[in-house]
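Novice: I have a structure here, written as structure tokens, and I will follow up with some questions on it.
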Amino acid sequence: MKKIVVSLMACVVLAGCATRQISSEQAQPVPAERVFAFNGIGDSASGQVIVTRDVGAVGGACPLALYIDGTLAAHLQRGESVSLSVPSRNRIVSASFAGKGLCSWGDESAHRREISQMVTAGGRTKIRLALAHDGVIQIGPTAF
């Protein structure tokens, strides 16, 4: 009986820690000092890439580093969104834990996740950053 109670409590705790998606409109903007690239006004050959990080307890103290084609674009905390002006073409968008501290366990690149994303001139692309219950970064397109 004791094992059942402990198992149920663990399930409740883990379920309460999962991240939850929010829209880019609900999210707080990433402060300018944490946007490092693609933050200028784009020309007609650029597209808007909006990246929003989920809210929730999993990885909440750890910023995520966002990269476009290997260039560090921004650091996002939970519940934040950033709008970037990216020249149009197929891009590699990636995310990893920022820095070399406790969050990345000393190896930022070991946790990096990447997707291929087409950026169209004058278009708008939305991307979601989330953390699974086991702390694995998830990155993918979203309509929100």
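Numbering (mature numbering (1 follows the signal peptide of the UniProt record, and there is no 0)), first residue to last: -18 to -1, 1 to 126.
Ideal Cβ positions, reconstructed from N, Cα and C, are used throughout, including at glycine.
Using C-beta distances below 7 Å, list every residue in its chain close to residue 27, excluding the 5 sequence neighbours before and after it, in chain order.
Specialist: Cβ neighbours of residue 27 beyond the five flanking positions: 69, 70 and 103.
Novice: When we look at the beta-carbon of residue 6 and count the other beta-carbons within 10 Å, is it buried (16 or more) or exposed?
Specialist: With 16 or more Cβ atoms within 10 Å of its Cβ, residue 6 is classed as buried.
Novice: Put residue 99 into one of helix, strand or coil per three-state DSSP.
Specialist: DSSP places residue 99 in strand when its eight states are reduced to three.
Novice: Have a look at 60, 96, 72 and 50 and flag the residue whose alpha-carbon is nearest the alpha-carbon of residue 156.
Specialist: Nothing about residue 156 can be read from this structure; the chain reaches only from -18 to 126.
Novice: Taking the C-alpha atoms as reference points, what is the distance between residue 48 and residue 75?
Specialist: Those two C-alpha atoms are separated by around 7 Å.
Novice: Return the CA-CA distance between residue 14 and residue 116, expressed in angstroms with no decimal places.
Specialist: Between residue 14 and residue 116, the C-alpha separation is close to 30 Å.
Novice: For residue 106, tell me which candidate among 31, 8 and 2 has the shortest Cα-Cα distance.
Specialist: Ranking 31, 8 and 2 by Cα distance to residue 106 puts 31 first.
Novice: Rank 77, 19 and 67 by C-alpha distance to the C-alpha of residue 122 and give the top, closest one.
Specialist: Looking at the Cα atoms, 77 is the closest of the given residues.
Novice: For residue 15, which three-state DSSP category applies?
Specialist: Here residue 15 sits in helix by DSSP.
Novice: Compare the C-alpha of residue 81 against each of 73, 72 and 94 and name the closest.
Specialist: Nearest C-alpha to residue 81: 94.
Novice: Helix, strand or coil for residue 115, going by three-state DSSP, please let me know.
Specialist: Note: residue 115 maps to coil in three-state DSSP.
Novice: How about residue 54 and residue 18: do their beta carbons lie closer than 8 Å?
Specialist: For residue 54 and residue 18, yes; Cβs fall inside 8 Å.
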